[in-house]
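Colleague: Heads up, the sequence shown is in the working numbering, so the first residue is 1 and it goes up one at a time.
Think of the CB as a built atom: it goes at the ideal place given N, C-alpha and C, for glycine as much as any other residue.
Note that the structure is a prediction, hence the values are computed from the model and not measured.
Supplied in structure tokens, the structure appears directly below.
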Amino acid sequence: MANEWVEVAKLSEVPDGGTCPIRFNGEPICLYNLEGKIYATNDVCTHGQASLADGFIVDGDKIECPLHQGMFNIATGKAVSPPCKIDLVIYEVKAEGGAILLKV
Ligand code: FES
Numbered sequence: 001m002a003n004e005w006v007e008v009a010k011l012s013e014v015p016d017g018g019t020c021p022i023r024f025n026g027e028p029i030c031l032y033n034l035e036g037k038i039y040a041t042n043d044v045c046t047h048g049q050a051s052l053a054d055g056f057i058v059d060g061d062k063i064e065c066p067l068h069q070g071m072f073n074i075a076t077g078k079a080v081s082p083p084c085k086i087d088l089v090i091y092e093v094k095a096e097g098g099a100i101l102l103k104v
């Protein structure tokens, strides 16, 4: 199953400017909708046990962790604000025909 696109959610489940937590193969993943473009990162903050899907999108391109307010760039996964230092894993994702597809 390498390099396949798999449907993981409906586009309508990820509100514009919002997040949606999913699980795929046991991995917690957070989907983001930034003005119609979909992104996916691991859902667990690299600083602690917090779901980034419960966080806040800041400046249109960063996710703020709900626990200690560290921030990551959503597109790159880069940790951009303390206390977060370790980048998030990101996933290749696309929207097609009302579905969100993840590359696996
Ligand atoms: Fe996310 Fe601490 S758990 S910033």
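1. Taking the C-alpha atoms as reference points, what is the distance between residue 95 and residue 21?
2. What residue from 7, 35, 39 has the CA that sits closest to residue 90's CA?
3. Comparing C-alpha positions only, which one of 45, 57, 4 sits nearest to residue 85?
4. Sort 3, 17, 24 by Cα distance to residue 54 and report the nearest one.
5. Would you tell me roughly how many angstroms separate the C-alpha atoms of residue 99 and residue 74, rounded to the nearest one?
Modeller: Taking the geometry as given:
1. 16 Å
2. 39
3. 45
4. 17
5. 20 Å
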